[in-house]
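K.L.:
What follows is a single structure, and I will ask about it in a moment.
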Amino acid sequence: MRNPVATPASVIFGILVLGFGFFVLMAFLNGETNQIIVPFRPEVIWGNAFLNFIAHFAALQCAGALIAYSLFLSPPVYQQKIIASKKMTSIIISIVLLTSMYIVFHEALVPVVRKNLSEKKALSTFSTSIFKKAHEKEKENDLVTAVEYIRLSLAVDRHNPLTISENSRLIAELSPAEFREYVFRTAGESGLESFDSTQLLTRAENALEKKNYVDAYYFARQVLAIDNSHKEALRISSIARESDFEGIESREKSRAAYLFSTKQQGYDALTSTDHPDFIRAYFIFLDLNRQFPFDETIRDYLQQSRQLLPQVSFFTHEAELILSFDALKTGPIVFFNRDTNTVREIITIESIVQIGDGIFLKNIEVIGLNASDAVQYHYLAPIGKILEDHIIINGIDRIDPKKQTRLTVYQGTPPIDQLYGILLFPDTKMENRPKNITVFGSTQKDFDTMNIADLVLVLPFVAHHAQLPELIYIEIAGRVLTPFFIIMLTLICLVIGMKHSVQQEASSVRHLYLLVPVVPFVMANIIGFFLFLHRIFISFSFYAMGFVFCIILLSIVHIVLLILVLGYFSGKVKLRNKTVF
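With the numbering used here applied, the sequence shown corresponds to residues 466 to 1046, in that order.
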């Protein structure tokens, strides 16, 4: 049976596997996981384990190389030069393949995992924070807002039994008036008439007593729309119709004409091919739904307008709530939006919060400069939301059409699309503009969620918009050169292991096997320090010579050093007690 540690590659791979197992265990034991909502915890545990494993991959690989010959394998001695050469080539290929595995993991999986973990942590922070705010509002006796907060928490953590039970408990505690207010806030639909037939009947009786037969008939008919066999409502409607038939007929005709005309206005606003106005259509059908709560066509049009609203607007209450969480904010960022011969537009955004697919912005300041660099227009949008290639600035209230976000215009006339808001112009040199404008505030943390292809794509775009591209250049150079450096460190560790092998020593030193678990911890600090120095060297070379000369020179330096290390490594492979190479 073949010895499972018969080759250095098998020892290195074994150390990598054990290292990954260790990081999985640490991820399970990490208390930070308790801050993540339950549905996300498995992903966070495995994601953190994987990221820690990749961060220490080089150290584990070097530790495996050091351990291989120092404790498990004897320095190789061969009888023929060709066999020695093949064996050495096999070892080098194994190391290259392991390093290639690191590159694949680092470029293909790490960005995806980092982005996913970032979103899960942000959503968990949002969910737990808003859940706490719900209890604070409950203590303040503001049950409507408390239920609304729980509803937003459920949007993120919809399967949490605690959140579900709290939502049910709070809704059950709402009074009829509070429940109607909650429905108005959250759905913007269904007026008083659709919830309380008792109050409608009371209104009908009061109107009948005051001999206001038109209103008495109207309220009675609303009750009958809910329950067509209601005896008292049938009695009141019959008396009212007999008492003032002409007034009721006139009222019905007037209401029918008003309904037809207003419904047509809403329909035109909703379906216009030239200038659709989904916001106006929404408020028209919302108002009609309150007046005619049992008209099915109005309900259908209201639903359609609500579905189209996210294309052109957002509800300010939710946006302000999301932007109130400082822990989720990033920014500020600045970038050129238009850069043509006639106008150059500069956009500054104070803060950004991204929750899932929603990217909300606060204080969007826009300055347009003409060809002479004079200010052509200058305005501020207090709040906005990213939608594909637009910044929507039409924030609206769910109920009141008068409560809409307003621009503060300091100078000139803002060139804003009335339907979609601020158009984000793509760079004319690039076909695919990055959709996430947070790239303009990129830091080392953001680069961790990008692979080399993304960095190369983003680089000219960032440079074009007056951002500093140096960090991206250094990141690309580090991604390209680090694998060569890791291979070189691994070979050096192999040589050190050969030189200090205890295989041929007395059995009294075999207790060193107990130190095997300690070696990766020590190597983590040593290799981490060398990788840190390597990055500093790349940064210094870049600022001293520029990107192109830096890459050329450092590539030559790495290749030369690698050749020297290979030569030294080959010198340790012996043939009949004589150096072969």
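Glycine residues also receive a C-beta, built at the ideal position from the N, C-alpha and C atoms. Since this is a predicted model, take the numbers as computed values, not measurements.
(1) Can you grab the Cα-Cα spacing for the pair ILE427 / ALA839, in whole Å?
(2) Just curious, the beta strand (DSSP E) that GLU810 is in, first and last residue?
(3) Between PHE591, LEU753 and ASN581, which has its C-alpha nearest TYR732's C-alpha?
(4) Should GLU658 go down as buried or exposed, given a rule of 16 or more other Cβ atoms within 10 Å for buried?
(5) For PHE912, collect the residues of the same chain with a Cβ closer than 8 Å to its Cβ; drop the 5 residues on either side in sequence, then sort them by chain order.
(6) Nearer than 7 Å: is that true of the beta carbon of ALA533 relative to any heavy atom of the ligand COA?
(7) Let's test the definition: count the other Cβ atoms within 10 Å of the Cβ of LYS850 and tell me whether it reaches 16, buried, or not, exposed.
(8) Exposed or buried, LYS551, counting other C-beta atoms within 10 Å across all chains shown (16 or more means buried)?
(9) Looking at GLU638: is its Cβ nearer than 8 Å to the Cβ of LEU608?
(10) Expressed to the nearest angstrom, what Euclidean distance is found between the alpha-carbon atoms of PRO985 and ILE991?
(11) Helix, strand or coil for VAL799? Go by DSSP, reduced to three states.
(12) By the three-class DSSP mapping on this structure, what secondary structure does GLU584 have?
(13) Is it buried or exposed for GLY486, if we count other Cβ within 10 angstroms and need 16 for buried?
(14) Go through the stretch 818-858 residue by residue and report every complete run of the beta strand (DSSP E) that reaches 3 residues or more, in order.
(15) When the Cβ atoms of the stretch 1010-1027 are set against those of the stretch 942-951, are three or more pairs found closer than 8 Å?
(16) Please state the DSSP three-state secondary structure of ASP742.
(17) Is the distance from the Cβ of VAL923 to the Cβ of MET915 below 8 Å?
(18) Closer than 6 Å by C-beta to PRO576: which residues in its own chain qualify, once you throw out the five before and the five after it? Chain order, please.
(19) In whole angstroms, what separates the C-alpha of ALA846 from that of LEU888?
(20) PRO641 to ILE881, Cα distance in whole Å?
(21) Let me confirm a value: THR955 is counted as buried when at least 16 other C-beta atoms fall within 10 Å, else exposed. Which label applies?
(22) Could you tell me if VAL688 is buried or exposed, where buried requires 16 or more neighbouring beta carbons within 10 angstroms of its beta carbon?
(23) Between ALA698 and PRO504, what straight-line distance do the alpha-carbon atoms span, to the nearest angstrom?
(24) Quick one: using the 10 Å Cβ neighbour count with 16 as the cut-off for buried, is VAL874 buried or exposed?
(25) Look up PHE890 in the DSSP assignment and say whether it is helix, strand or coil.
(26) Identify every residue that forms a DSSP beta bridge with LEU874.
(27) Got a sec, what are the start and stop residues for the alpha helix (DSSP H) GLU508 sits in?
(28) In or out: ILE480 buried (at least 16 other Cβ within 10 Å) or exposed?
(29) Determine the contact status of PRO473 and LEU574, defining contact as a CB-CB distance below 8 Å.
(30) According to the neighbour-count rule (16 or more other Cβ atoms, all chains shown, within 10 Å of its Cβ), is PHE770 buried or exposed?
(31) Verify whether the separation of the beta carbon atoms of LEU1027 and ILE952 is less than 8 Å.
(32) Is there contact here, the stretch 593-612 with the stretch 794-808, by at least three beta-carbon pairs under 8 Å?
(33) Quick one: is LYS964 buried, meaning 16 or more other Cβ sit within 10 Å of its Cβ, or exposed?
(34) What span of residues does the alpha helix (DSSP H) with TYR766 cover, start to end?
(35) Among ILE848, GLN819, ILE857 and HIS843, which residue has its Cα nearest to the Cα of THR878?
(36) Check for me: the alpha helix (DSSP H) holding PRO985 runs from which residue to which?
P.N.:
Looking at the atomic coordinates:
(1) This structure cannot settle anything about residue 427, because the visible part of the chain is limited to 466 through 1046.
(2) 808-820
(3) LEU753
(4) Because GLU658 carries a pLDDT of 41, less than 50, the predicted location of this residue cannot be relied on, and the following value inherits that uncertainty. Buried, since its Cβ has 16 or more Cβ neighbours within 10 Å.
(5) LEU920, LEU936, ILE937 and GLU940
(6) This structure lacks the ligand COA, and indeed carries no ligand of any kind.
(7) buried
(8) exposed
(9) yes
(10) 10 Å
(11) strand
(12) helix
(13) exposed
(14) 823-835, 840-852 and 855-857
(15) yes
(16) coil
(17) yes
(18) THR914, MET915 and ASN916
(19) 14 Å
(20) 43 Å
(21) buried
(22) buried
(23) 51 Å
(24) exposed
(25) coil
(26) Rather than Leu, the amino acid found at residue 874 in this sequence is Val. DSSP lists TYR844 as partners of VAL874.
(27) 506-520
(28) buried
(29) no
(30) Per the sequence presented here, residue 770 reads as Ser, with Phe not at that position. SER770 comes out buried.
(31) yes
(32) no
(33) exposed
(34) 761-773
(35) HIS843
(36) 983-1010
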